[in-house]
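In what follows, a single structure is set out as structure tokens and then discussed.
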Amino acid sequence: MWMLIYPTGPDLSFARTVHRGLVHKSAVGEVFVTDSARVAEDSYVVAAQWPRKHWYFGEPAVSLNPLLVAETLRQACLVIVTGHLGVPTDARVRVDDVAVFLDCALLPCLLPAEVTMKIDANVTPSADGPIRSIAARAAFVYEGEQFATATGRSTMAPAVLSNSLRKPRDADGDDAVIDVRPEWPQVEVDHEHAVYCDHQTDHIPAMLLIDAALSSVRGKLTESAGVVGFEATFDGIVEWEPSAVMRLSFDEEDPRGVSVDVIQGGRRRAEIVVLAASEASS
């Protein structure tokens, strides 16, 4: 064991990677927005790189999980409001609704894929000026071909205001459970999940709820009716406790879509409609 002693240098940043070419690497382990530009008053282009391999991709590896598109849109909207519209990075952002529709159910063949988003974003200011909400429509393009579209709405609030309105967090999330009834398997929430819980949160993330709904439905669809999209609407925040229940409505004679309600405390907190291939292609 030895030690180097040298003059104190500048504080180093861990917020972004160096140019990957400098270290002879091209792959990343997660979805990352890499660049953005404002091309008109309400229009933006955003670049993102998808990882070489990820559990979002599903099985077989060529199938594209619409959740990957949703996560990319979520990141892009955050970049737009904070990087271009002046929303503070510590603002609390709540997903109100998000929908994804796959035009092509194939993963771009070159991985890691460099994806471009064309986004129209309409913002609503609050009474005192700051942006209160954003509504976005996005087209996802790979090598000149559009393969997915997505929409989303989110509401923003200053951190101080949001913290004053939220009740103290009694649960640490370790025992949080989503029950999927009556015959559906139980979905346990891993509070140490490397993707969904990579930072502290006082509620169950929207993307985690969507993933639970997609996973619960996927095994109930016929082989020819793979998941090619979803429409999710959130009526309120889903807390770590009490336990939430997922109620699925499934028509055996018309398996084009499954409606999933997330119930907590006797109230519906979210509705997620999972779309199968035959419905999305009509």
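Numbering of the sequence shown is given in the working numbering, commencing with residue 142 and proceeding in unit increments.
For glycine and all other residues, C-beta sits at the position ideal for the given N, C-alpha and C.
Just so it is clear, the structure is predicted and the values come from calculations on it, not from any experiment.
C-alpha distance - residue i paired with residue j, whole-angstrom precision
i	j	result
residue 143	residue 149	18 Å
residue 102	residue 346	For residue 102 there is no data in the structure shown, the boundaries of the chain being 142 and 423.
residue 398	residue 184	32 Å
residue 276	residue 216	14 Å
residue 290	residue 151	43 Å
residue 285	residue 186	14 Å
residue 219	residue 298	13 Å
residue 160	residue 174	14 Å
residue 348	residue 379	12 Å
residue 283	residue 243	13 Å
residue 416	residue 263	26 Å
residue 352	residue 400	14 Å
residue 294	residue 158	29 Å
residue 269	residue 406	34 Å
residue 359	residue 391	12 Å
Assumed close pair residue i, residue j - CB separation to whole angstroms, cut-off 8 Å
i	j	result
residue 273	residue 265	5 Å
residue 224	residue 177	6 Å
residue 211	residue 241	5 Å
residue 411	residue 369	The pair is not a contact, with the Cβ atoms about 20 Å apart (cut-off 8 Å).
residue 256	residue 213	7 Å
residue 414	residue 385	Not quite, the Cβ-Cβ distance comes to about 18 Å (not below 8 Å), so this is no contact.
Boundaries of the alpha helix (DSSP H) in which residue i is found, first to last residue
i	result
residue 347	347-359
Residue range of the beta strand (DSSP E) that includes residue i
i	result
residue 158	Residue 158 -> no beta strand (DSSP E), and no H or E assigned at all.
residue 206	Here residue 206 belongs to no beta strand (DSSP E), and DSSP marks it neither H nor E.
residue 264	255-266
residue 283	272-283
residue 372	368-375
residue 416	408-417
residue 425	In the structure displayed, the chain extends from 142 to 423; residue 425 sits before or after that span and is not available.
inquiry  = Does the structure place the stretch 236-245 close enough to the stretch 373-387 that three or more beta carbon pairs sit under 8 Å?
reply    = Cβ pair count under 8 Å is three or more, so yes.
query = What residue ranges within the stretch 216-246 form continuous beta strand (DSSP E) runs of no fewer than 3 residues, ordered along the chain?
reply = 233-243
request  = Ignoring anything shorter than 4 residues or poking outside the stretch 166-195, list the alpha helix (DSSP H) runs there in chain order.
outcome  = Within the stretch 166-195, no complete alpha helix (DSSP H) run reaches 4 residues.
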